[in-house]
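Please read the structure below before turning to the comments.
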Amino acid sequence: MAAGSRQFLLQDVDPMALVDELAQGAVSDGRGLTLGDLVGHRLDRYAAMHRVLHLLAGLARRGWLRPTDVIEGIGAEVQDKKGMDAFQAAHVLPCDLAINGCEGVHEQFFSPIIRGNVKARLFGRTNVVHRLVNYADRRCEANGWIDALVHCARLLAQGGDAENVFQRELLPRCAQAVVAARNALMSALQTAERQAMGKPTLLAPNGLPASPRVQDFRVSDKVADPRVRAINKEVVLQVFDEYQRGIAGLAPEVLARGRRESIDWVELERDWRATYGV
17 MAAGSRQFLL
27 QDVDPMALVD
37 ELAQGAVSDG
47 RGLTLGDLVG
57 HRLDRYAAMH
67 RVLHLLAGLA
77 RRGWLRPTDV
87 IEGIGAEVQD
97 KKGMDAFQAA
107 HVLPCDLAIN
117 GCEGVHEQFF
127 SPIIRGNVKA
137 RLFGRTNVVH
147 RLVNYADRRC
157 EANGWIDALV
167 HCARLLAQGG
177 DAENVFQREL
187 LPRCAQAVVA
197 ARNALMSALQ
207 TAERQAMGKP
217 TLLAPNGLPA
227 SPRVQDFRVS
237 DKVADPRVRA
247 INKEVVLQVF
257 DEYQRGIAGL
267 APEVLARGRR
277 ESIDWVELER
287 DWRATYGV
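Mind the numbering: the sequence shown is residues 17 to 294 in my numbering, read in order.
Here is the structure:
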């Protein structure tokens, strides 16, 4: 979904709060460009997909997600906040889902509280990262992350076990998508870009790069200088390298907490339907 038609849950965000989020756990590239909490973003993405699978499995157990349901991947319906300048609010989930034409998993819930939680705390959640990190996200999504989540959702509708689907289906498919995205970028590199990559950065006495970085973060041929494109693509490759670590460092208690909360949401939805006769 285009950002113009997307629902933003927080309209008035303090810019300093975005700066604080960006700085927390932030890493940089080899030239000092702040990327945001790249490790945290990776872990959040996998933890969120794990939660979604358990949420969908809960719906399937209650008969609210059926084998005959049509499940498709769609663009994000909701977003918790907007980013600023070169730093964007990147969704932790690769996509939302349309089920039988109802756009957004939150549409499957009648309880306003659970519906709101699914929107705000799961599908609408973002991390503030550099736009090149968000670009790498989109490349991974286009090369298989979206297809992986949709495939797994369909398996759960057929009665699959969420934990088994996560380990045996989603993780390998996501890993393959990262490799495919990286290979696609590498195969498209021009000779001048390859020559510019990996060259040492000259530092001034203060430890900062001697030459200021060009503030153009595009990676396409619209950027005339191949050195600028190469520097930007090196950042994207750095993100891919991080994503190839998969769930390394993701604490089991984080997954367990997300699983319990997803199960609780489904049970609270059941109670709400029973109370109001839905």
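We put the CB at the ideal spot given by N, CA and C, even for glycine. From a predicted model like this one, the values you see are computed outputs, not experimental measurements.
Among the options, the one whose alpha carbon lies nearest that of residue i
{"i": "Pro242", "options": "Arg141, Met213, Asn150, Pro221", "result": "Met213"}
{"i": "Arg210", "options": "Ala193, Ile162, Arg245", "result": "Arg245"}
{"i": "Leu205", "options": "Ala152, Lys249, Ala164", "result": "Lys249"}
{"i": "Ala193", "options": "Val251, Leu25, Asp257", "result": "Asp257"}
{"i": "Ala264", "options": "Thr142, Arg61, Leu165", "result": "Arg61"}
{"i": "Val55", "options": "Leu25, Val144, Asp96, Pro31", "result": "Val144"}
{"i": "Ala240", "options": "Ala173, Ala208, Thr142", "result": "Ala208"}
{"i": "Lys97", "options": "Glu37, Ala33, Ala105", "result": "Ala105"}
{"i": "Leu25", "options": "Gly89, Leu69, Glu277, Val94", "result": "Val94"}
{"i": "Ser278", "options": "Val68, Trp80, Thr50, Ala164", "result": "Val68"}
{"i": "Gly160", "options": "Pro188, Leu148, Arg141, Arg170", "result": "Pro188"}
{"i": "Leu34", "options": "His146, Ser203, Ala272", "result": "His146"}
{"i": "Ala164", "options": "Gln174, Asn150, Gly175, Arg184", "result": "Arg184"}
{"i": "Glu285", "options": "Gly46, His57, Lys215, Arg77", "result": "Arg77"}
{"i": "Tyr259", "options": "Ala191, Ile247, Asp232", "result": "Ala191"}
Alpha-carbon to alpha-carbon, residue j and residue i
{"i": "Leu201", "j": "Glu157", "result": "14 Å"}
{"i": "Val121", "j": "Arg261", "result": "28 Å"}
{"i": "Leu72", "j": "Leu186", "result": "14 Å"}
{"i": "Gly20", "j": "Val108", "result": "Note that Gly20 scores a pLDDT of 48, beneath 50, so its modelled location is shaky and nothing firm can be said."}
{"i": "Val64", "j": "Asp287", "result": "The question names Val, yet the displayed sequence has Ala at residue 64. Near 24 Å, if we compare the C-alpha coordinates of Asp287 and Ala64."}
{"i": "Arg22", "j": "Gly132", "result": "15 Å"}
{"i": "Ile162", "j": "Ala152", "result": "14 Å"}
{"i": "Leu172", "j": "Val166", "result": "10 Å"}
{"i": "Ala114", "j": "Gly89", "result": "6 Å"}
{"i": "Ser44", "j": "Arg155", "result": "20 Å"}
{"i": "Met29", "j": "Arg276", "result": "The question names Met, but residue 29 in the sequence shown is Val. So the two alpha carbons sit approximately 30 Å from each other."}
{"i": "Gly52", "j": "Val294", "result": "44 Å"}
{"i": "Thr50", "j": "Ala42", "result": "7 Å"}
{"i": "Ala169", "j": "Gln40", "result": "32 Å"}
{"i": "Glu37", "j": "Val255", "result": "18 Å"}
For residue i: DSSP bridge partner residues
{"i": "Met100", "result": "Phe103"}
{"i": "Asp112", "result": "Ile90"}
{"i": "Asn143", "result": "Ala106"}
{"i": "Val255", "result": "DSSP, once it has assigned bridges, lists no residue as partnering Val255."}
{"i": "Glu119", "result": "Ala114"}
{"i": "Phe24", "result": "Gln95"}
{"i": "Val43", "result": "Gly52"}
Contact with chain B by residue i, beta-carbon distance below 8 Å
{"i": "Val235", "result": "Absent here is chain B; the protein component of the structure consists of one chain."}
- Counting pairs of Cβ atoms below 8 Å between the segment 118 to 133 and the segment 100 to 110, do you hit three or more? no
- Indicate whether the contact test is met: 3 or more Cβ pairs, each with one atom in the segment 191 to 200 and one in the segment 231 to 248, closer than 8 Å. no
- Query: Counting pairs of Cβ atoms below 8 Å between the segment 265 to 274 and the segment 80 to 99, do you hit three or more?
  - Reply: no
- Query: Below 8 Å, can you find three or more Cβ-Cβ pairs linking the segment 176 to 185 to the segment 133 to 153?
  - Reply: no
- What are the uninterrupted segments assigned as alpha helix (DSSP H) that are 4 or more residues long and contained completely in the segment 186 to 249, given in chain order? 187 to 203, 207 to 212
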